[in-house]
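Here the structure is laid out as structure tokens; the discussion comes afterwards.
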Amino acid sequence: MGWFERKDEKPKIPPAKALWAICPKCYSHMEKSVWKANNAICPKCNYHGRLTARERIAQTADAGTFAEVFREVSYSDHLAFHDATGDYKTKVEATIAKTGESESIVMGTCKIGGHAAMLGVMDFAFMGGSLGTGTGEKIARACEQAIAERRPLVIFSASGGARMHEGILSLMQMAKTSAAIARVKEAGLPFISVLTDPTTGGVSASYAMLGDINITEPRALIGFAGRRVIENTIHQKLPADFQSAEYLEKHGFIDRIVERKDMKAFIAKMLAFWHF
Amino acid sequence: MAKVVRKKAGPAKRKAPCAMERVKLARDAKRPHLRDFIANIFDDFEELHGDRLVNDDRGLVGGFATLDGTPVLVLGHNKGETVEENMAANFGMANPDGYRKAMRLAKLAERFGNPVVTFVDTPGAYPGREAEERGQAEAIAKSLEFFSTLKTPVIVVVTGEGGSGGALAIAVGDKVLMLENAVYSVISPEGCAGILWRDGSKAPEAAEALKITAPDLLKLGAIDEIVPEPPGGAQNDRAAACALVRAAIVKALAELAPIAADELVARRYARLRAMGNFY
Ligand SMILES: [Zn+2]
Chain A
338 MGWFERKDEK
348 PKIPPAKALW
358 AICPKCYSHM
368 EKSVWKANNA
378 ICPKCNYHGR
388 LTARERIAQT
398 ADAGTFAEVF
408 REVSYSDHLA
418 FHDATGDYKT
428 KVEATIAKTG
438 ESESIVMGTC
448 KIGGHAAMLG
458 VMDFAFMGGS
468 LGTGTGEKIA
478 RACEQAIAER
488 RPLVIFSASG
498 GARMHEGILS
508 LMQMAKTSAA
518 IARVKEAGLP
528 FISVLTDPTT
538 GGVSASYAML
548 GDINITEPRA
558 LIGFAGRRVI
568 ENTIHQKLPA
578 DFQSAEYLEK
588 HGFIDRIVER
598 KDMKAFIAKM
608 LAFWHF
Chain B
25 MAKVVRKKAG
35 PAKRKAPCAM
45 ERVKLARDAK
55 RPHLRDFIAN
65 IFDDFEELHG
75 DRLVNDDRGL
85 VGGFATLDGT
95 PVLVLGHNKG
105 ETVEENMAAN
115 FGMANPDGYR
125 KAMRLAKLAE
135 RFGNPVVTFV
145 DTPGAYPGRE
155 AEERGQAEAI
165 AKSLEFFSTL
175 KTPVIVVVTG
185 EGGSGGALAI
195 AVGDKVLMLE
205 NAVYSVISPE
215 GCAGILWRDG
225 SKAPEAAEAL
235 KITAPDLLKL
245 GAIDEIVPEP
255 PGGAQNDRAA
265 ACALVRAAIV
275 KALAELAPIA
285 ADELVARRYA
295 RLRAMGNFY
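Just so you know, the protein sequences line up as chains A and B, in that order.
Here this note's numbering runs 337 ahead of the position in the first sequence, where the first position is 1.
Here this note's numbering runs 24 ahead of the position in the second sequence, where the first position is 1.
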């Protein structure tokens with residue numbers, strides 16, 4: 338968990354000012370404008386790249402229906418955490434300024450293809466989408482509001498795992514969110530989990546894998562332990578497609594790989610099947 | 025250069041060990057492990073094997089036993105004293121099959137009204153190829169969800185290393201006890217140091233910063249009670265350590281036994297729900 342910050346795990350994306358984008362999966366180069374025009378999808382290999390939470394919301398919620406909730410819930414520096422590179426507080430405040438978000442998940446009510454829903458979208462740009470106490474708190478509150486208002490719950494995950502700067506209470510968010518999800522299901526409401534690139538560590542090992550259906554996008558990275566950790570443990574090279582969306586579907590942990598252009602319609606169709 | 029918060033060990037003999045010293049104690053090969061707790065705390069232990077799907081995981085074992093005549097389910101990470109024992113027990117690192125076995129047995133306990141006692145002592149869930157292919161993430165997630173609604177008392181004892189998600193998967197309960205020198209963390213100090221300090225040798229600094237000792241976790245509300253250890257640590261007197269754990273479990277069981285199942289589950293949720301709600 339927390340290996341999102343590891344240098345060698347970072348995708349090889351050029352500095353912000355560069356004109357070229359490089360696909361982290363097939364390494365093909367293209368102009369940034371091409372990458373953006375193609376909705377962050379690689380024209381060569383169909384890798385579905387990362388979107389900001391706001392981009393994802395715009396592509397998922399019906400126009401004008403998204404009303405953000407729990408924005409007041411943010412990070413907590415209860416450990417006064419600092420490491421060799423500085424204070425957690427400084428880092429997370431910089432992230433808040435950069436992304437404009439209060440936490441690694443944006444939560445709100447909306448309609449999806451006409452169906453009322455509670456929608457949460459994680460933003461990998463916010464501390465690697467890590468699961469902090471604020472993230473867990475927003476999810477737990479969303480579950481409770483979904484139950485009160487009879488709304489299906491939809492969460493798009495993108496995360497490297499738990500946020501170690503928040504210590505044990507970060508780990509406890511895995512249990513808290515999973516317990517809250519259990520109550521959504523007990524109330525007879527569906528939970529659709531969309532695991533986008535990447536969803537790993539403590540987030541894959543809690544709410545993200547608990548969908549009544551788990552769906553993902555082409556070539557997304559999904560797993561628990563990091564590839565390098567596993568290779569160092571078993572002293573073997575892992576196959577190239579290990580922990581890919583396609584690999585997980587083959588092994589039975591993903592219901593469907595859905596292209597980004599079809600995602601909203603797919604979710605709406607499922608909600609219609611289930612009478613929501 | 026970051027300020028090092030670790031307190032220098034003073035000359036006073038009774039000074040509490042620092043976080044990294046506790047990490048070493050928690051990993052001590054001579055520390056009591058699951059089989060010691062089973063032998064010294066319970067009677068009539070009968071192990072039950074397998075997840076009914078693919079495997080019998082050896083990193084996590086379970087079975088029924090009695091405690092002062094009360095039948096209970098015992099679940100725990102399985103570590104050994106020697107390399108050979110640890111190889112056989114996979115160093116206490118469970119595969120998905122282990123967590124699924126735990127859920128299978130806990131469902132039985134729920135059906136027949138047996139309280140569950142779990143012993144947590146693992147470096148983490150096993151990072152392996154088959155573990156991923158069989159859904160390590162899904163198994164842990166499902167376990168968290170499952171134990172949050174289980175309608176029977178669940179007592180958790182963190183006895184050694186509480187290694188992140190692999191530990192938490194059997195640590196959702198009504199009462200979380202923790203041995204004095206055990207540690208419980210979102211990531212190992214070495215792992216955290218490697219990432220945030222870019223230097224694994226800074227593990228003592230990371231251990232301090234992460235707040236992973238029993239006194240720190242009690243303050244944070246992540247655990248409910250500290251179980252004292254014999255002087256110098258549980259490894260110095262395993263039988264005495266087991267007796268202290270036994271007394272704490274007996275007390276917790278007596279507290280939880282009169283509570284109706286629905287109320288128990290509601291309180292268990294409230295306990296988790298309060299963790300990290302700063303707003
Ligand atoms: Zn590509």
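We put the beta carbon where it would ideally sit given N, CA and C, even for glycine.
Pairing Val210 (chain B) with Val182 (chain B) gives a Cβ-Cβ distance that is not under 8 Å. By the neighbour-count definition (other C-beta atoms within 10 Å, threshold 16), Thr514 (chain A) is a buried residue. By the criterion of at least three beta-carbon pairs nearer than 8 Å, the region 516-523 of chain A is not in contact with the region 407-425 of chain A.
Between ligand 1 and Lys369 (chain A), a heavy atom-to-CB distance of less than 7 Å is absent. Not flagged as an interface residue toward chain A: Leu129 (chain B), since no C-beta distance is shorter than 8 Å. DSSP places Arg393 (chain A) within a helical segment (H, G or I) once states are collapsed to three.
As the crow flies, the alpha-carbon of Leu99 (chain B) is around 51 Å from that of Gly401 (chain A). The straight-line gap separating the alpha-carbon atoms of Gly504 (chain A) and Ala217 (chain B) is approximately 13 Å. If you check each beta-carbon in the region 207-220 of chain B against every beta-carbon of chain A, the ones closer than 8 Å belong to Tyr208, Ser209, Val210, Ile211, Gly215, Cys216, Gly218, Ile219 and Leu220. Remark: the shortest separation between the CB of Lys362 (chain A) and any heavy atom of ligand 1 falls under 7 Å. Between Leu468 (chain A) and Val521 (chain A), the C-beta gap is not smaller than 8 Å, which leaves the two residues out of contact. Chain B places no beta carbon closer than 8 Å to that of Glu440 (chain A), leaving this residue out of the contacts. Per DSSP, the unbroken beta strand (DSSP E) holding Gly187 (chain B) starts and ends at Val178 to Gly187. Short note on Ser581 (chain A): C-beta not closer than 7 Å to any heavy atom of ligand 1. Residue state for Leu526 (chain A) is assigned as coil, using DSSP reduced to three classes. Between ligand 1 and Cys42 (chain B), a heavy atom-to-CB distance of less than 7 Å is absent. Arg82 (chain B) and Leu72 (chain B) have their alpha carbons spaced roughly 11 Å apart.
Against chain B, a Cβ distance below 8 Å from Ser581 (chain A) picks out nothing, because the smallest value is about 11 Å.
Lys381 (chain A) has its Cβ nearer than 7 Å to a heavy atom of ligand 1.
Ranking A:Asp599, A:Ala605 and A:Glu586 by CA distance to the CA of Asn551 (chain A) puts A:Glu586 first. Under the Cβ criterion of 8 Å, Leu416 (chain A) is counted among the residues facing chain B.
By DSSP's assignment, Cys447 (chain A) forms a beta bridge with A:Ala454. Chain A has no Cβ within less than 8 Å of the Cβ of Glu253 (chain B). The DSSP assignment places complete alpha helix (DSSP H) segments of no fewer than 4 residues inside the region 529-610 of chain A at 538-541, 564-571, 582-587 and 597-610, in order along the chain. Three or more Cβ pairs closer than 8 Å define a contact, and the region 361-377 of chain A falls short of that threshold against the region 424-443 of chain A. Among the residues of chain B, those whose CB is under 8 Å from the CB of Glu409 (chain A) are Tyr303, following chain order. For the pair Ser543 (chain A) and Asp534 (chain A), the Cα-to-Cα distance works out to about 16 Å.
Around the beta-carbon of Val107 (chain B), fewer than 16 other beta-carbon atoms lie within 10 Å, marking it exposed.
Around Leu244 (chain B), the same chain offers Lys235 as residues with beta carbons nearer than 8 Å, after the five sequence neighbours per side are excluded. Pro147 (chain B) sits close to Gly116 (chain B), with the two beta carbons spaced by under 8 Å. It is roughly 9 Å from the alpha-carbon of Phe403 (chain A) to the alpha-carbon of Met444 (chain A). As computed with DSSP, Ile492 (chain A) is found in a beta bridge with A:Gly457 and A:Ser530. Within the region 168-179 of chain B, the residues whose Cβ lies closer than 7 Å to any Cβ of chain A are, in chain order, Leu168, Glu169, Ser172 and Thr173. Any Cβ of chain A closer than 8 Å to the Cβ of Val196 (chain B) would place that residue at the interface, and such an atom is present. A direct Cα-to-Cα measurement between Leu49 (chain B) and Ala609 (chain A) gives close to 56 Å. Here the region 260-270 of chain B makes contact with the region 55-72 of chain B; the two share three or more CB pairs at distances below 8 Å.
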